[in-house]
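Q: My questions will all concern the structure given below.
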Amino acid sequence: MTVLDTSDQWPRVDEIPFDPDVPAVNAQVVPVAFISAGTAANTRQSYLIPLAYWSAWLAIS
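Numbered by the UniProt record's numbering, the letters in the sequence shown go through residues 1 to 61 in order.
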């Protein structure tokens, strides 16, 4: 099994501002940063669907 170290492609946590009072902005910033790391299409789809539900839930709560 080959293990790839892609941690150098991930944005640092302190580079992504998080404000729980502005969920719409954060819901867009985090997935874009994750996808830009070069994930496979099936992985991207697997993460985007739950993130969309989470974003919608935060918007109504």
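We put the beta carbon where it would ideally sit given N, CA and C, even for glycine.
1. Does the beta-carbon distance from Pro31 to Leu58 come in below 8 Å?
2. Please report how far the alpha carbon of Thr43 lies from the alpha carbon of Asp21, in whole angstroms.
3. Give a yes or no on whether the minimum CB-CB distance between Ser36 and chain D is below 8 Å.
4. Would you check if the distance between the CB atom of Tyr53 and the CB atom of Phe34 is smaller than 8 Å?
A: Put simply:
1. Position 31 of the sequence shown, counted from the start, is the residue given in the question as residue 31. Position 58 of the sequence shown, counted from the start, is the residue given in the question as residue 58. Going by beta carbons, Pro31 and Leu58 fall outside the 8 Å limit.
2. Within the sequence shown, residue 43 is the residue found at index 43, counting from 1. Within the sequence shown, residue 21 is the residue found at index 21, counting from 1. Those two C-alpha atoms are separated by around 28 Å.
3. Given the protein chain composition of this structure (a single chain), no chain D is represented.
4. Within the sequence shown, the letter at position 53 stands for residue 53. Within the sequence shown, the letter at position 34 stands for residue 34. The answer is no: Cβ separation not under 8 Å.
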